[in-house]
Ligand SMILES: C[S@@+](CC[C@H](N)C(=O)[O-])C[C@H]1O[C@@H](n2cnc3c(N)ncnc32)[C@H](O)[C@@H]1O
């Protein structure tokens, strides 16, 4: 086993400077998959003309958006500005979606800063709904591990909004058996003994509903973990969305790529993906994650990191990680 973690790259400007030279995209660049399936753009996604060029008249069946909340391009913005900014990329999403299509939006909160944009986001969507997106559902994904302080309820939920344009497909059978029955109740006497619905039911599972309790949160011990990233969504959650709301060979778009989860899920499920990240480092990680998956079948870097080879060859980078984080990266045998 190799053990070569990376700290959160977004919080460390010096580390960003050391890594940037290993990134193939500069602002405004587009990476085209040599196999002709996917594209990765590196720019601010609200730049209409760059987005138009990236999309090159293709329309998507599905958009999966996971915007940063509280900080946009690493500068804090107030709630009102955040919602105005959301409106911009929501309208752009609409423009690049097919007439019958779906949009899912992950919307986080930062309780410690009293930042909870969900109601304002929903109201904004309502206000622009006429002739636009129709709201379909609000899904809650439950994390196993929470975060927070002793002075508040632990945060274990992630909200996922589901909107439609026109009348898109919804494949209800897509992930039928994933969600376990967990709630006891509906007591009834059977042979004189009190039984609950879990005992009586024939199946251990329920049809996929709008509370997801069966998905493993990403953390350092699972294969899909991408060291250096901080906001990775579970691959299975994105696969569930893609299976339910698109067909094979459809185009999926994601304006906030980060670790490239939507791209990997699209590759696995035979969809095409066009994705964007404003940051050249996350754009590079997105491309490398796909390349690694194609070479090894692995979905992340559980015990390593996307820049492992460069770090080994770069004395300055190695010294920085050691001095600043006590991370010692040395060559070890990698078993693929
Ligand atoms: C919450 S993360 C997305 C996580 C992703 N779903 C995953 O599973 O890895 C948000 C990403 O949006 C990027 N971003 C922030 N502002 C952006 C903008 N204006 N245009 C494009 N990308 C942006 C950030 O660099 C960050 O990588």
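Numbering (our numbering), first residue to last: 1055 to 1390.
Built from N, CA and C at the ideal position, the CB exists for glycine as well.
Every value quoted in this text rests on a predicted model; they were computed, and no experiment measured them.
- Nearest in C-alpha terms to residue 1109, of all of 1069, 1135, 1234 and 1151, is 1151.
- The beta carbon of residue 1234 sits closer than 8 Å to the beta carbons of 1258, 1259, 1260, 1267 and 1268 from its chain, once the five residues preceding and following it are set aside; these are given in chain order.
- Rounded to whole angstroms, the gap between the alpha carbons of residue 1133 and residue 1141 is 12 Å.
- The C-alpha of residue 1347 lies about 56 Å from the C-alpha of residue 1246.
- Ligand 1 has no heavy atom closer than 7 Å to the beta-carbon of residue 1175.
- Within the same chain, and ignoring the five residues on either side of residue 1285 in sequence, the residues whose Cβ sits closer than 6 Å to its Cβ are 1312.
- By the Cβ test, the region 1088 to 1096 is not in contact with the region 1273 to 1289, since fewer than three Cβ pairs between them sit closer than 8 Å.
- Shortest gap from the CB of residue 1287 to any heavy atom of ligand 1: under 7 Å.
- In the structure shown, the three-state DSSP call for residue 1117 is strand.
- Within 10 angstroms of the beta-carbon of residue 1334 lie 16 or more other beta-carbons, which makes it buried.
- The straight-line gap separating the alpha-carbon atoms of residue 1058 and residue 1170 is approximately 35 Å.
- Burial check for residue 1111: the Cβ neighbour count within 10 Å stays below 16, so the residue is exposed.
- Beta-bridge partners assigned by DSSP to residue 1327: 1306.
- Beta-bridge partners assigned by DSSP to residue 1109: none are found.
- Taken from the Cβ of residue 1327, every heavy atom of ligand 1 lies 7 Å or farther away.
- If you ignore the 5 residues before and after residue 1359, its C-beta comes within less than 7 Å of the C-beta of 1058, 1059, 1060, 1281 and 1282, all in its own chain and listed in chain order.
- Residue 1299 is positioned such that its CB atom lies no closer than 8 Å to that of residue 1189.
- Taking a cut-off of 8 Å on C-beta distances, the region 1316 to 1323 touches the region 1287 to 1306, as three or more cross pairs fall below it.
- With fewer than 16 other Cβ atoms from the protein chains shown falling within 10 Å of its own Cβ, residue 1367 counts as exposed.
- If you keep only unbroken beta strand (DSSP E) runs of at least 3 residues inside the region 1223 to 1249, you get 1242 to 1244 and 1247 to 1249.
- When DSSP states are grouped into helix, strand and coil, residue 1205 belongs to the coil group.
- The three-state secondary structure of residue 1284, taken from DSSP, is coil.
- Secondary structure note for residue 1160: its beta strand (DSSP E) is the uninterrupted segment 1151 to 1161.
- With fewer than 16 other beta carbons inside 10 angstroms of its own, residue 1376 counts as exposed.
- By the criterion of a C-beta distance shorter than 7 Å, residue 1353 is surrounded in its chain by 1277, 1278, 1289, 1318 and 1347, once the five residues flanking it on both sides are discounted.
- Our two residues, residue 1386 and residue 1364, have alpha carbons roughly 14 Å apart in a direct line.
- Residue 1172 and residue 1180 have their alpha carbons spaced roughly 12 Å apart.
- Under the three-state reduction of DSSP output, residue 1164 falls in the strand class.
- For residue 1373, no beta strand (DSSP E) segment is defined; the enclosing uninterrupted segment is the alpha helix (DSSP H) at 1369 to 1379.
- Of the residues 1076, 1217 and 1224, the one whose Cα lies closest to the Cα of residue 1186 is 1217.
- Shortest gap from the CB of residue 1315 to any heavy atom of ligand 1: under 7 Å.
- By the criterion of a C-beta distance shorter than 7 Å, residue 1097 is surrounded in its chain by 1081, 1082, 1104, 1330 and 1332, once the five residues flanking it on both sides are discounted.
- Exclusion of the five residues before and after residue 1252 leaves 1235 and 1238 as the residues of its chain whose Cβ lies within less than 7 Å of its Cβ.
- For residue 1352, there is no enclosing beta strand (DSSP E), as DSSP gives it neither H nor E.
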